[in-house]
Every structure is written in structure tokens, then in C-alpha cells.
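Residue numbers (this note's numbering): 234 to 390.
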């Protein structure tokens, strides 16, 4: 509605209010007691509102922020890393989602360090998740290469 009513002097100009921004603004606007500037900062977080895991973390963290609680670093990524490497595509997908969750935590920790104090640990865990994905993709590539190689037949004597 807001975008549809905006009028510009030049036809080349358009509103840059995205649906994601509106979805996040709807979450943070549930607490009008939070100053507008802080709600705006929260609304610009790099969150995919379509992903339930990421959006769920974001919503819980915002509730903790409103209540002036310290937000602990999510440790689900550590369980993934401890597996060594992905066995299935689903494992890689989960690693990607956890990396995005940690990206949001990191982003918030730069803006609200008193509520998100685990910046260094977050960076380390994101790095470990990236290593996990790289290891997994390398292993998968090697398996695929082995399957493509022609098999040698045993020679008869």
C-alpha cells in the first residue's frame, strides 16, 4: 500500500521498500515502546522471512532484546560441524541455514553488542561451518569423479 501511493518527480525513481523489510517491520512494530530508530535497525537485519528457522531465531532474539536479556549464541551449527562432513544434501542445506542464522547474530552483535556478546565465537563457528561445507563438497566431488572413471577389467592370463 505504502509503495503504491508513493509519487516521484522522475519516472526512473521507485520505492525501494522490499517485502522482506515490510515483514521484519511487522515483527518489530509489535513493540512500539522500543524507540523507532532501534526498530528500524532491527528491520534492516539480513533475514529471510520465508525461512522459518531464521525468522524464528530473529523473532525470539527480538523478544529477548525487548526484555533486555542477553542473547546466547545458537549452537546448532556446532552439532553439524562435529559430524565431520555432509553425508546427504540435507546436511549441506542445514549447514547453509545455520550459517545464515549466525550471519544474523553477527549482524546484530555489531549493532547491539551488549545484547549479543558472542561476536568472536560466532565468527569462529561460521568459519567452522564454512570449512565443513568445503570439506563436504570436496568429498562429494571426489566420489563423483570416482564414479565417472572407467573400471578396469581383470586381465586373463
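C-beta: ideal position from N, C-alpha, C; glycine also.
Inter-residue Cα distance where the pair is residue i and residue j
i: residue 253; j: residue 276; result: 9 Å
i: residue 244; j: residue 251; result: 19 Å
i: residue 351; j: residue 371; result: 30 Å
i: residue 373; j: residue 330; result: 20 Å
i: residue 297; j: residue 317; result: 33 Å
i: residue 368; j: residue 338; result: 24 Å
i: residue 278; j: residue 320; result: 32 Å
Residue i beta carbon near the ligand SAH (any heavy atom closer than 7 Å)
i: residue 338; result: Among the ligands in the structure shown, none appear at all, so the ligand SAH cannot be discussed.
Where residue i falls: helix, strand or coil (DSSP)
i: residue 352; result: helix
i: residue 306; result: coil
i: residue 266; result: coil
i: residue 242; result: coil
i: residue 321; result: coil
i: residue 253; result: helix
i: residue 280; result: coil
Buried versus exposed call for residue i [16 or more other C-beta atoms within 10 Å across all chains shown]
i: residue 234; result: Residue confidence for residue 234 is low, a pLDDT of 45 falling below 50, so the modelled location carries little weight; the figure read from the coordinates is stated next. Burial call: exposed.
i: residue 353; result: exposed
i: residue 285; result: exposed
- Query: Would you call the stretch 261-272 and the stretch 306-313 touching, i.e. three or more CB-CB distances under 8 Å?
  - Reply: With the cut-off at 8 Å, the stretch 261-272 and the stretch 306-313 do not touch.
- Report yes or no: do the stretch 318-326 and the stretch 353-363 share at least 3 C-beta pairs separated by less than 8 Å? Taking a cut-off of 8 Å for Cβ pairs, the stretch 318-326 and the stretch 353-363 do not touch, as fewer than three such pairs fall below it.
- Query: Does the stretch 335-344 touch the stretch 290-308, meaning 3 or more C-beta pairs lie closer than 8 Å?
  - Reply: Of all C-beta pairs linking the stretch 290-308 to the stretch 335-344, three or more are shorter than 8 Å, placing the two stretches in contact.
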